[in-house]
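Quick note on the numbering used here: the sequence shown kicks off at 44 and runs consecutively.
One structure is given here, and the rest of the page talks about it.
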Amino acid sequence: MARGATRALAAALVLLPVMRSPAQAGPTQQLLSQYCFDCHSAETREGGLDLRDLLKVRPIVRERDEWRRVAQVIELRSMPPRSSEQPSEQQRMALSDAINGALDRFDYQTVATVGHEPVRRLTHREYNNTLRDLTGVDLRPADRFPRELTGPTGFDNDASTLFLQPALMERYLAAAERVVDAALPAPAEGAPSAEARRLLLHGAGADRLDDDAAAELLRRFMLRAHRRPPSGADLARTTRDYQAARGAGVDPYRALKSVLPAVLISPRFLLRIERAPAGSEPSRVDGFELATRLSYFLWSSTPDDELLRAAQAGELSRASQLREQVNRMISHPNFDEFGSAFGGQWLSTKLIGREIRRDPIDEPWCTDTLMDAMRGETERLIVWLVRQDRPATELLTADYTFINAELARTLYRIKGVEGAEPQKVSLVGSGRRGVLGHAAVLAATSNHNETSPVKRGAYILETILGSPPPPPPPDAGELDDDLADNDSLTFAEKLGRHAADKRCSTCHSRIDPLGYGLERYGAFGRLRRKRPRPPAGDAAVLPDGARVGGAKSLVEYVLDKRRDEFVRNLARRNLEFALGRRLDYRDEQALRDLVARWEADGLTMKKLLLAIADSPTFQMQQAEPVNQN
44 MARGATRALA
54 AALVLLPVMR
64 SPAQAGPTQQ
74 LLSQYCFDCH
84 SAETREGGLD
94 LRDLLKVRPI
104 VRERDEWRRV
114 AQVIELRSMP
124 PRSSEQPSEQ
134 QRMALSDAIN
144 GALDRFDYQT
154 VATVGHEPVR
164 RLTHREYNNT
174 LRDLTGVDLR
184 PADRFPRELT
194 GPTGFDNDAS
204 TLFLQPALME
214 RYLAAAERVV
224 DAALPAPAEG
234 APSAEARRLL
244 LHGAGADRLD
254 DDAAAELLRR
264 FMLRAHRRPP
274 SGADLARTTR
284 DYQAARGAGV
294 DPYRALKSVL
304 PAVLISPRFL
314 LRIERAPAGS
324 EPSRVDGFEL
334 ATRLSYFLWS
344 STPDDELLRA
354 AQAGELSRAS
364 QLREQVNRMI
374 SHPNFDEFGS
384 AFGGQWLSTK
394 LIGREIRRDP
404 IDEPWCTDTL
414 MDAMRGETER
424 LIVWLVRQDR
434 PATELLTADY
444 TFINAELART
454 LYRIKGVEGA
464 EPQKVSLVGS
474 GRRGVLGHAA
484 VLAATSNHNE
494 TSPVKRGAYI
504 LETILGSPPP
514 PPPPDAGELD
524 DDLADNDSLT
534 FAEKLGRHAA
544 DKRCSTCHSR
554 IDPLGYGLER
564 YGAFGRLRRK
574 RPRPPAGDAA
584 VLPDGARVGG
594 AKSLVEYVLD
604 KRRDEFVRNL
614 ARRNLEFALG
624 RRLDYRDEQA
634 LRDLVARWEA
644 DGLTMKKLLL
654 AIADSPTFQM
664 QQAEPVNQN
């Protein structure tokens with residue numbers, strides 16, 4: 044059947060309300076019933092999937108991720124399993140097209156919401172940074188807290204995981220006392236630091252602090268700690284505690300020091316709290332809530348005085364003033380954190396030195412400072428691209444990077460780089476380009492001591508393009524023993540022979556060629572001294588005929604053939620990080636609008652952050668929780 048005829052058939056396959064009997068089923072349901080229900084119904088639920096139940100959900104886009112996977116495994120011939128009755132090629136393609144078409148043509152505006160996350164705890168990163176910017180001391184107490192969970196976004200600021208566990212309260216109290224002690228040491232132990240005097244004492248020393256000044260310092264500290272003016276009751280309670288200490292004979296300095304830890308264990312400090320929306324319609328958050336959203340998006344920290352002043356004056360409601368603040372915040376040193384908070388988590392480079400490292404005894408070249416430099420390279424590139432308003436495509440095409448002498452010498456073999464501080468270095472002639480040539484990305488996409496084209500190819504599909512491959516079918520199998528034990532072959536060559544198996548070839552043909560494009564780099568990102576042998580047969584050829592012969596052709600393929608996927612995924616991941624939640628079907632229209640605006644503005648990195656900050660999704664709230672189906 045010609046492709047046009049297949050599309051015509053697909054157009055007729057409409058997902059109808061739940062099937063009551065085979066005679067009432069539409070064409071799509073008839074095909075699903077014939078080929079899928081035996082394994083994917085309430086009785087069997089292979090892979091945890093009940094297609095009968097899935098068909099009951101309306102609108103179907105509520106389960107669009109599941110339907111996309113169904114369409115994908117049908118198209119890739121991963122399902123039905125080879126032991127089951129198989130649909131014809133025409134039926135297979137028509138069914139896949141029908142599902143994808145129903146999802147693509149749905150009017151997402153009819154289900155659009157802006158969402159609302161009323162309460163979330165500060166992440167450990169945000170808590171550390173906020174204490175630093177409030178008190179002027181950088182003790183990072185949360186580094187010793189229990190490790191945080193990662194939500195469905197893969198970011199640590201995902202609201203679905205940020206609860207205030209009782210077990211943390213004791214740690215918060217101890218941390219608050221330590222930080223205040225460090226910021227305001229007793230006069231006999233030494234004077235407060237210059238930064239603490241600026242932030243806490245308005246430049247005053249212990250000998251100049253009186254009750255009137257202390258009352259103003261408390262009000263200002265609570266404004267910054269609560270991220271909005273403190274309520275009359277909160278301010279009165281804290282002032283009363285201060286006065287009680289003074290009445291007991293404690294001097295103004297020590298009395299002030301005694302009440303500050305209580306502010307730092309208040310729910311209004313530990314939690315980001317937004318007012319409940321007035322009704323079911325979208326409404327704007329107030330100026331202080333918007334300032335808080337901006338500061339934790341761009342800085343992973345609390346609003347500074349300038350941002351709070353703009354919030355108090357109502358300036359953030361004006362687009363021109365909002366842009367001015369965002370540009371200021373991007374230029375501020377606190378924006379350096381964005382490279383780690385967003386980039387390190389999105390690209391998985393945060394794992395280097397933690398979950399991914401080499402044994403320092405067997406491989407002493409793999410030092411902590413080297414791994415710090417590996418992570419820092421990617422983080423600095425992202426921050427630089429934003430600050431310089433560079434095209435987003437330079438994430439993949441940049442012919443420069445930021446490395447120090449150790450990284451240049453140990454892994455990159457680039458001469459002329461001196462010193463421990465990272466510096467901008469040309470990559471011309473090195474064979475590397477963009478983040479896919481960064482050692483941290485290459486190490487994060489390898490097995491412990493060998494490369495994996497499958498792992499790297501899947502990373503490109505999921506992390507860079509936002510199109511994760513389906514899980515392998517149950518009968519795909521592993522490398523057989525003879526192949527696994529053949530020491531004359533590299534792992535990539537073994538994989539190429541394994542992927543030639545008909546059970547595996549359809550999926551591997553879409554994954555492996557992308558990973559083979561990075562095979563010139565070893566498991567920890569070193570350029571191999573000897574160019575690896577090319578994979579056998581067509582293992583480096585994608586289903587559309589494109590051949591990925593190396594890193595350069597890989598990037599060219601992504602930006603030539605799949606640029607829209609890259610652009611959409613980068614916008615989606617930034618928006619999820621900004622909102623602190625996973626996007627779902629109700630956010631689809633907002634994401635499309637964001638991409639369209641970004642395209643019109645030139646697709647630079649800074650313009651993306653500006654577009655997010657100015658978007659209704661970022662500036663508004665709505666009563667219905669976004670993740671409620």
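We treat Cβ as the ideally placed atom computed from N, Cα and C, and that holds for glycine.
- Taken atom to atom, the span from the alpha-carbon of Asp603 to that of Leu597 is near 10 Å.
- About 12 Å separates the beta carbons of Leu350 and Ala656, which is beyond the 8 Å limit, so they are not a contact pair.
- Within a 10 Å sphere around the beta-carbon of Gln368 sit 16 or more other beta-carbons, which makes this residue buried.
- As DSSP reads the structure, Val468 sits in a beta bridge with Thr444.
- Taken in chain order, the complete alpha helix (DSSP H) segments of 4 or more residues contained in the segment 280-320 are 295-306 and 310-313.
- Of the other Cβ atoms in all chains shown, 16 or more fall within 10 Å of the Cβ of Phe445; this residue is therefore buried.
- At least 8 Å separates the beta-carbon of Gln665 from that of Pro123.
- In the DSSP assignment, Thr196 forms no beta bridge with any residue.
- In this structure, the beta-carbon distance from Leu341 to Arg164 does not fall below 8 Å.
- Arg120 sits in coil when the DSSP states are folded into three classes, being neither helix nor strand.
- In this model, Met265 and Ser363 are separated by some 29 Å (Cα to Cα).
- By the Cβ-count criterion, Met414 is buried, with 16 or more other Cβ atoms from all chains shown falling within 10 Å of its own Cβ.
- Here the segment 473-481 makes no contact with the segment 83-90; the two share fewer than three CB pairs at distances below 8 Å.
- By the C-beta density criterion, Glu420 is buried, having at least 16 other C-beta atoms within 10 angstroms.
- In this structure, the straight-line span from the alpha carbon of Pro556 to that of Glu464 is close to 36 Å.
- The beta carbon of Val638 is closer than 7 Å to those of Val610, Arg611 and Ala614 in its chain, skipping five residues each way along the sequence.
- Pairwise C-beta distances place the segment 106-120 in contact with the segment 136-151, as three or more of them are shorter than 8 Å.
- Within the same chain, Gly158, Glu160, Thr660 and Phe661 come within 8 Å of Leu622 by CB-CB distance, once the 5 residues on both sides are set aside.
- Assignment of beta-bridge partners to Ile395 by DSSP yields Ile399.
- DSSP, reduced to helix, strand and coil, places Pro407 outside both helices and strands of the structure shown, so it counts as coil.
- With contacts defined as CB atoms closer than 8 Å, Met648 and Asp379 fail to qualify as a contacting pair.
- Nearest Cα to Pro586 within the set Val154, Cys550 and Leu651: Cys550.
- Here Gly472 is exposed: its Cβ has fewer than 16 other Cβ atoms, across all protein chains shown, within 10 Å.
- Secondary structure note for Val162: its beta strand (DSSP E) is the uninterrupted segment Val162 to Arg164.
- Val584 sits in a strand when the DSSP states are folded into three classes.
- Ranked by Cα distance from Asn370, the first of Ile308, Leu394, Ser338 and Gly387 is Ser338.
- Taken through DSSP and simplified to helix, strand or coil, Ser338 comes out as helix.
- Cβ-Cβ distances below 7 Å link Leu394 to Ala487 in the same chain, with the five nearest sequence neighbours on each side left out; the list follows chain order.
- If you check the CB distance, Leu97 and Glu109 come in under 8 Å.
- Note: Thr647 is bridge-paired with Pro434 in the DSSP secondary-structure output.
- With 16 or more other CB atoms across the displayed protein chains lying within 10 angstroms of its CB, Lys650 is buried.
- Three or more Cβ pairs drawn from the segment 220-229 and the segment 169-185 lie within less than 8 Å of each other, which places the two stretches in contact.
- Under the criterion of beta carbons closer than 8 Å, Thr178 and Ala256 do not qualify as touching, at roughly 18 Å.
- Around the Cβ of Ser131, a 10 Å sphere holds fewer than 16 other Cβ atoms; the residue is exposed.
- DSSP, read as helix, strand or coil, puts Leu570 in strand.
- As DSSP reads the structure, Gln664 sits in a beta bridge with Ser326.
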